[in-house]
Every structure is written in structure tokens, then in C-alpha cells.
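Report on the structure given below.
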Ligand code: SF4
Ligand code: SF4
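Residue numbers (the numbering used here): 2 to 173.
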């Protein structure tokens, strides 16, 4: 059924002799392919080869620790407020006496999550943070993922590792 009478019936144009031969267009296509063989490739053999990143590149988030290895984040929520993509969510908790060696402030983020599907890596969370706790790393990408549940980055993947820091009893 026609919704309007603007339909235009187009009669196919008959092919001329050269078009019926198909060879000229095949050679034209081959010519383009061969020309690209000698051009600088736009692709690289990642991950063996890495691209040089811009000095202002913003990559994967990291929640930093202080010099004593304690988590800097105090769950103030300013990063979540600043985030234009509403990618950050958190739950705060009160630090106990026994946890003084784990968290720098009296309040800390018991849950801190970044939704990498929403994040646009603008860096506003980093700028908003009064505790110098969240940074966007200059050399790490958010890796590819195969399921939506993999894109929510929790503290297990965001908090800076303690490998090279003074042990602060985190294993206790
Ligand atoms: S980088 Fe930008 S979009 Fe991503 S979490 Fe931070 S503020 Fe939100
Ligand atoms: S990362 Fe910074 S801005 Fe965000 S909740 Fe923690 S202390 Fe506040």
C-alpha cells in the first residue's frame, strides 16, 4: 500500500559495451587496492605495538592511596556530582578505630563504582576531587568487554595496588 503518491518508478539504464565487460571497473578497483599496499598503514598490530598517546590522554580511572597506603577517597560525592554522564556511584561508611590504617579520612567509600559504558573520559571527576583521590591514568585504557556486567568497575579494579607501597596491614 502506498502512503503517498510521491513514489517514482525508475527504469534501469541499459549497460553500454564497457559496462557489460565489467573488466574496466575490476581494474579500477584493483588499482585502488594496489595503491593502498604502498601507503602508510592506518592500523597497528595492537597489542604487540602500542600507539603513542597524546600528552593530554585520559584513560582508566585509579583511586589513589596516600604515602602510608591508606585510601584517600572520603566518599564526599563531588566527583559523582561533577560527572556529566552520571557514571559514578558510591556508598559511604564510617571508619572504625581498627580501620585507621586503611582509610585516611573518617568517612570512606565502602562501594565506589564507575560505569565505563557511560564514562566519556572527560576528567571532570579528577578536577572536582578535593582529596586528590581519583585520577585518569595516562597509559591505561578501559579494556574491551563482552558483557554489560563487566563494565561496572568497582573498588577491586579502581583502587591503586599496594604492591610497591609499605604494607599497611591490608592482608590482616
Ligand atoms: S571521566 Fe568524566 S564521564 Fe568519566 S566518570 Fe569522570 S566525570 Fe564522569
Ligand atoms: S574520589 Fe574524590 S571527589 Fe570522589 S568521592 Fe572520593 S574524595 Fe570525593
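Every residue, glycine too, gets a C-beta built ideally from N, C-alpha and C.
Residue i: CB within 7 Å of a non-hydrogen atom of ligand 4
i: residue 84; result: By its list of ligands, the structure shown excludes ligand 4, since it contains just ligand 1 and ligand 2.
Cutoff 8 Å; reference residue i; Cβ partners in own chain excluding five residues on either side
i: residue 169; result: Model confidence at residue 169 stands at a pLDDT of 43, short of 50, so the residue's coordinates are unreliable; what they give is reported in the following sentence. Excluding positions up to five away in sequence, the list reads 69, 70, 71, 102, 103, 163.
i: residue 52; result: 45
i: residue 161; result: 63, 64, 65, 66
Cut-off 7 Å between Cβ atoms - residues of its own chain near residue i, not counting five sequence neighbours on either side
i: residue 12; result: none
i: residue 152; result: 116, 117, 118, 146
Residue i burial status per 10 Å Cβ neighbour count (16 or more: buried)
i: residue 182; result: Shown here, the chain extends from 2 to 173; a query on residue 182 therefore has no answer.
i: residue 113; result: buried
i: residue 94; result: exposed
i: residue 33; result: exposed
i: residue 105; result: buried
i: residue 35; result: exposed
Beta-carbon proximity check, residue i vs residue j, cutoff 8 Å
i: residue 110; j: residue 76; result: yes
i: residue 61; j: residue 142; result: yes
i: residue 73; j: residue 133; result: yes
i: residue 130; j: residue 82; result: no
i: residue 84; j: residue 24; result: no
Residue i versus residue j: straight-line alpha-carbon distance, rounded
i: residue 120; j: residue 92; result: 19 Å
i: residue 26; j: residue 65; result: 59 Å
i: residue 100; j: residue 108; result: 11 Å
i: residue 159; j: residue 8; result: 57 Å
i: residue 87; j: residue 139; result: 22 Å
i: residue 136; j: residue 154; result: 14 Å
i: residue 63; j: residue 40; result: 39 Å
i: residue 49; j: residue 58; result: 20 Å
i: residue 21; j: residue 6; result: 34 Å
i: residue 150; j: residue 56; result: 31 Å
i: residue 18; j: residue 31; result: 20 Å
i: residue 14; j: residue 37; result: 32 Å
Contacts around residue i, its chain only, beta-carbon distance under 6 Å, and the 5 residues preceding and following it disregarded
i: residue 128; result: none
i: residue 148; result: none
i: residue 122; result: 59
i: residue 156; result: 113
i: residue 47; result: none
i: residue 90; result: 114
Any chain C beta carbon closer than 8 Å to residue i
i: residue 154; result: Given the protein chain composition of this structure (a single chain), no chain C is represented.
query = What are the uninterrupted segments assigned as alpha helix (DSSP H) that are 4 or more residues long and contained completely in the stretch 55-117, given in chain order?
reply = 79-83
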